[in-house]
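Have a look at the structure below before the remarks.
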Amino acid sequence: MEVRKYRKTADEEPVMEMISQEDGWTYSDESMSASYRKALETSITYVAYQNGELCGYSRSLDDFGHYVYVCDLLVKPKHRGKGLGRKLMECIHADYPGRTVYVMSDVDGYYTKQEYQRAGSLFEVPDPAADSSS
């Protein structure tokens, strides 16, 4: 298993293809694809390959020296349960030593199973311009 930093030319299409096959992941949709491709390139992104096949990836944001926030972690179903998600998370600690790493999750059961500790909540701030009732 090779786990390494994302390289746009080699990894963009395999990552977007993997996302397109995952239920509930809309980043590959026409309306989001261009901005998500840019996000992959400008974020802290790692990929995992086995025998030339993309098996998983993670995408995180650097809070300018304070924290790292994991936005996306996806492992193909046939590669789940083998510690690959944990390996992708370990890359962050290796490259950003001493930083606290937080995960923004909608799959809490996975992170609880990994024995990650809950450290608060995530709330969406509504856009007042999008509220047509005002």
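Residue numbers (the working numbering): 222 to 355.
Ideal placement from N, C-alpha and C gives every residue a C-beta, glycine not left out.
In this text the structure is predicted, and so the values were computed from the model without any measurement.
How big is the Cα-Cα spacing for residue i and residue j?
{"i": "Ile240", "j": "Tyr248", "result": "7 Å"}
{"i": "Leu309", "j": "Leu295", "result": "10 Å"}
{"i": "Ser355", "j": "Met253", "result": "Note that Ser355 scores 47 on pLDDT, short of 50, meaning its location in the model is unreliable and no value can be drawn from it."}
{"i": "Thr321", "j": "Ala269", "result": "22 Å"}
{"i": "Ala255", "j": "Ser264", "result": "14 Å"}
{"i": "Gly302", "j": "His314", "result": "21 Å"}
{"i": "Asp244", "j": "Glu336", "result": "25 Å"}
Would DSSP call residue i helix, strand or coil?
{"i": "Tyr332", "result": "helix"}
{"i": "Ser355", "result": "Because Ser355 sits at a pLDDT of 47, beneath the cut-off of 50, its placement in the model cannot be relied upon, and the point is left open."}
{"i": "Phe226", "result": "At residue 226 the sequence reads Lys, which differs from the Phe that was named. Looking at Lys226 - three-state DSSP - the assignment turns out to be strand."}
{"i": "Thr247", "result": "coil"}
{"i": "Asp348", "result": "coil"}
{"i": "Tyr337", "result": "coil"}
Rank the options by C-alpha distance to the C-alpha of residue i and give the top, closest one.
{"i": "Tyr219", "options": "Glu336, Gly245, Gly286 and Tyr332", "result": "What the structure shows of the chain is the stretch from 222 to 355, and residue 219 is not part of that stretch, so it cannot be assessed."}
{"i": "Trp246", "options": "Lys259, Tyr288, Cys292 and Gly273", "result": "Cys292"}
{"i": "Glu251", "options": "Thr266, Lys303 and Glu238", "result": "Glu238"}
{"i": "Gly319", "options": "Gly304, Val289 and Glu223", "result": "Val289"}
{"i": "Ser342", "options": "Tyr257, Gln335 and Ser326", "result": "Ser326"}
{"i": "Gln271", "options": "Asp283, Lys297 and Lys259", "result": "Lys297"}
{"i": "Lys334", "options": "Ala231, Gly304 and Gln242", "result": "Gly304"}
So the beta strand (DSSP E) residue i belongs to, where does it begin and stop?
{"i": "Tyr356", "result": "There is simply no residue 356 to check, as the chain begins at 222 and stops at 355 in what is shown."}
{"i": "Ala269", "result": "Ile265 to Gln271"}
{"i": "Asp316", "result": "Unbroken run through Asp316 is the alpha helix (DSSP H), Leu305 to Asp316; no beta strand (DSSP E)."}
{"i": "Asp293", "result": "Tyr288 to Val296"}
How about residue i: is its Cβ closer than 7 Å to a heavy atom in the ligand SAM?
{"i": "Arg307", "result": "Ligands are entirely absent from the displayed structure, and the ligand SAM is therefore not among its contents."}
Excluding five sequence neighbours on each side, which residues of the same chain lie with their C-beta closer than 7 Å to the C-beta of residue i?
{"i": "Glu311", "result": "none"}
{"i": "Leu261", "result": "Tyr227, Glu233, Val236 and Arg280"}
{"i": "Val224", "result": "Tyr267, Ala269, Lys308, Leu309 and Cys312"}
{"i": "His300", "result": "Cys276 and Gly277"}
{"i": "Tyr257", "result": "Tyr248"}
With a CB to CB cut of under 6 Å and the five nearest residues on each side skipped, what residues in its chain are close to residue i?
{"i": "Lys229", "result": "Glu262"}
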